[in-house]
Amino acid sequence: MKPITTITNTTIPLMKDNIDTDQLIPKQFLKNILKTGYGRNLFYDWRYLGNGRLNTDFILNDPKYKNASILITGDNFGCGSSREHAVWALKDYGFEVIIAGSYSDIFYMNSTKNGLLAITLPKSQREILARISSDENITVDLPNQEVRCINYKFNFEIDPLWKHKFVNGLDDIAITMEYDKEISQYEVTIPNFN
Amino acid sequence: MSQTMFDKIWDKHVITGKVGDPQLIYVDLQLLHEVTSPQAFEGLRENSRKVRCPERNFATMDHNVPTVDIFNIKDEISRKQIETLDKNTKEFGVRLAGMGSDDQGIVHVIGPQLGLTQPGMIIVCGDSHTATHGAFGSIAFGIGTSEVEHVLATQTIWQTKPKTMGIHIHGKLPKGIFAKDIIMGIIAHEGVAFGTGYAVEYYGDTISNMSMEERMTICNMSIEGGAKMGSIQPDQTTFDYVKGRKYAPKKIDEAIEYWKQFKTDDESAFDKVIDFDVNNLAPFVSWGTNPGMSVPVDKPFPEIRNADDKKAYDYIGLQPGQTAKQIPIGYVFFGSCTNGRLSDLKIAAQILKGHHIAKGVTALVVPGSREVRIQAEKLGIDQIFKSAGCDWREPGCSACLGMNPDQVPAGVHCASTSNRNFEGRQGANARTHLASPAMVVAAAIYGHFVDIRKEVI
Ligand code: SF4
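Here's what the structure looks like:
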């Protein structure tokens, strides 16, 4: 995984609570063999009209927000089914950071496994971020656990374990591989009846 | 302090970490199939990683495979998933029971059948019905795709040790009552979430007297009660079953001596114990849209108690107070990792012999593996099904989840030997009714469910 330290980019506000994984990526798009290619169907039911045309009223389709990689959103983000595709879709679309009020456990765990930084800020602070203009950058500084924009600076909490993973670009496998010696020692003790 | 079988197996597999925190545990066997493995192999490739122990992994194709004309897969993505598994297993050196091979079948049917599943093991698979393998006295549970990748790369997994629950099952099974009725009865009685957070062990005289195939049916549906895994202590029945199979240990006597240690010391070792008496158990049929929504065949469907009940009745097109006899069966699915084994086909064939399925009923018979199909054909079971008007198919998951072309039409009631009756599971708006193989085959004959204790057996 790529290390994540400081991300500076524009934001896109979607201040809705309980955005579930069906809304992030409907089940008809799960039949695939790759982790990539899901971005075009992210928020499918909101992004497209029944006839497959773009819903121009939906904020993701507003050209102003085309390059934003930081999503500002509501509480209980990513609830519903356990599909990892929801995280894959957000990443594939280009999101690097999600700033929500809270997350479903499974979604959060999946985000840590796939290098999508999901942080939590209180509603008052997210409302400030949601009002920032579409061409203004904000900075998410993971080592210092700060979100900065022109006039504000907010601190966020993150489990030291996940922070360590993100900052060093470690994935679960890389972390486990640090135990390679212990695993090899264990393997020698497995009884063999062949 | 007394320990459960689960504790003993778990403790033997811990590499690092302490109880209460995530612990790194060793995985003896990972089973793979075409749907939940492609992204895992892709992840390895992206990071230039290898499979740590190819010999501890085994793959097959089951979820998507057609049950007629198996080499002609029309759905492009299904075909792609199957080709991808073929390619991935070759590239990474993992054994594969591929399309048309004698070893191919539903992943939870072939693991035991090939002797891959053994007592004392930790077994994982990217599939929730992995609990099936717990019937051999192993710890077996389903995992997600990132975890599949993690196991491929490291042969280990991070897990927090769950609590343990003992389910004491005792009494003599009445005539016409089967393993499926026991597990459906437990779920109907205790609810679909009773096992959440627990590793379950089934024990008692009823279990001791069961064959391995019956034990697998019970463990298989543990997940329908919310449990992550279900298990049964290994005993002589287990050892006899494993002995001589293709991948069973060569020094089998030594292995058996080793396996004998995996026993629960006494009931006090469990965090929770449930008691279940089977002496008066009746055949169960599901009326609703989760496996807990089931009743004995001679009892009326319940009143509407909440919004879920209301929604289930609306979907299924039935009314409170009706009984299973009033369900008009249009489709029958015989198969799955719950009840698609040889003993299930034998029971059904015995009842079906000399009968024909009811007019207007479509009956699909899908053996759980090619080996099951071959054995059944040797016994002439296929002929019984065919002459009764059933469709005798190639093995696979088939209409259990309808990822291949085998789907129950919208609005049609299906008597099914599978394990899930969720909305849309067997096809859009399909109406699934779970029951034992004997009950399902009787429903095929009559065109509705009957009380097999009175009318058939
Ligand atoms: S038979 Fe059904 S439950 Fe079993 S593995 Fe296949 S799809 Fe899953």
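Chains as they are written, first to last, in my numbering: chain U, 1116 to 1309; chain Y, 95 to 551. Backbone N, C-alpha and C define an ideal beta-carbon position, used for all residues, glycine too.
Beta-carbon gap between residue i and residue j smaller than 8 Å
i	j	result
residue 202/Y	residue 178/Y	no
residue 196/Y	residue 471/Y	no
residue 131/Y	residue 220/Y	yes
residue 327/Y	residue 297/Y	yes
residue 114/Y	residue 228/Y	no
residue 496/Y	residue 520/Y	yes
residue 1144/U	residue 1156/U	yes
residue 539/Y	residue 452/Y	yes
residue 483/Y	residue 507/Y	no
residue 1231/U	residue 1213/U	yes
Among the options, nearest to residue i - alpha-carbon criterion
i	options	result
residue 340/Y	474/Y, 108/Y, 493/Y and 207/Y	207/Y
residue 170/Y	499/Y, 527/Y, 510/Y and 545/Y	499/Y
residue 305/Y	191/Y, 318/Y, 289/Y and 330/Y	330/Y
residue 353/Y	168/Y, 137/Y and 214/Y	214/Y
residue 377/Y	280/Y, 492/Y, 357/Y and 128/Y	280/Y
residue 1273/U	1127/U, 1261/U and 1284/U	1261/U
residue 441/Y	154/Y, 494/Y, 222/Y and 511/Y	511/Y
residue 368/Y	428/Y, 295/Y and 431/Y	295/Y
residue 362/Y	259/Y, 342/Y and 265/Y	259/Y
residue 1279/U	1228/U, 1305/U and 1195/U	1228/U
residue 218/Y	488/Y, 525/Y, 251/Y and 162/Y	251/Y
residue 159/Y	548/Y, 491/Y and 359/Y	491/Y
residue 542/Y	485/Y, 416/Y, 434/Y and 245/Y	416/Y
Separation of residue j from residue i, as counted between CA atoms
i	j	result
residue 405/Y	residue 399/Y	11 Å
residue 212/Y	residue 240/Y	25 Å
residue 479/Y	residue 462/Y	15 Å
residue 1223/U	residue 308/Y	39 Å
residue 284/Y	residue 318/Y	11 Å
residue 315/Y	residue 226/Y	8 Å
residue 518/Y	residue 387/Y	16 Å
residue 173/Y	residue 1146/U	11 Å
residue 516/Y	residue 1216/U	32 Å
residue 374/Y	residue 268/Y	7 Å
residue 199/Y	residue 156/Y	6 Å
residue 139/Y	residue 243/Y	10 Å
residue 1289/U	residue 231/Y	32 Å
residue 150/Y	residue 454/Y	47 Å
residue 425/Y	residue 536/Y	13 Å
residue 233/Y	residue 412/Y	39 Å
residue 164/Y	residue 504/Y	25 Å
residue 273/Y	residue 312/Y	6 Å
residue 458/Y	residue 422/Y	17 Å
residue 181/Y	residue 175/Y	10 Å
residue 407/Y	residue 264/Y	33 Å
residue 1240/U	residue 1221/U	25 Å
residue 481/Y	residue 493/Y	22 Å
DSSP state of residue i mapped onto helix, strand, coil
i	result
residue 247/Y	helix
residue 226/Y	helix
residue 1186/U	strand
residue 183/Y	helix
residue 1266/U	coil
residue 168/Y	coil
residue 1222/U	helix
residue 362/Y	helix
residue 104/Y	helix
residue 1156/U	helix
residue 316/Y	helix
residue 1144/U	helix
residue 124/Y	strand
residue 263/Y	strand
residue 539/Y	helix
residue 1233/U	strand
residue 404/Y	helix
residue 1239/U	helix
residue 1138/U	helix
Partner residues on chain U for residue i, Cβ-Cβ distance less than 8 Å
i	result
residue 240/Y	1199, 1225, 1228, 1229 and 1287
residue 174/Y	1148
Neighbour list for residue i in chain Y, Cβ cutoff strictly below 7 Å
i	result
residue 1130/U	In chain order: nothing, as chain Y lies at least about 28 Å away.
Residue i: contacting residues in chain U (beta-carbon distance under 9 Å)
i	result
residue 120/Y	1298, 1301, 1302 and 1305
residue 352/Y	1306 and 1308
Contact set between residue i and chain Y, taken where Cβ atoms lie within less than 8 Å
i	result
residue 1309/U	343, 344 and 345
residue 1291/U	118, 244, 247, 248, 250 and 252
Chain-ordered chain Y contacts of residue i [CB-CB under 9 Å]
i	result
residue 1294/U	109, 110, 118, 248 and 250
Cross-chain neighbours of residue i in chain U, by beta carbon under 7 Å
i	result
residue 178/Y	1148
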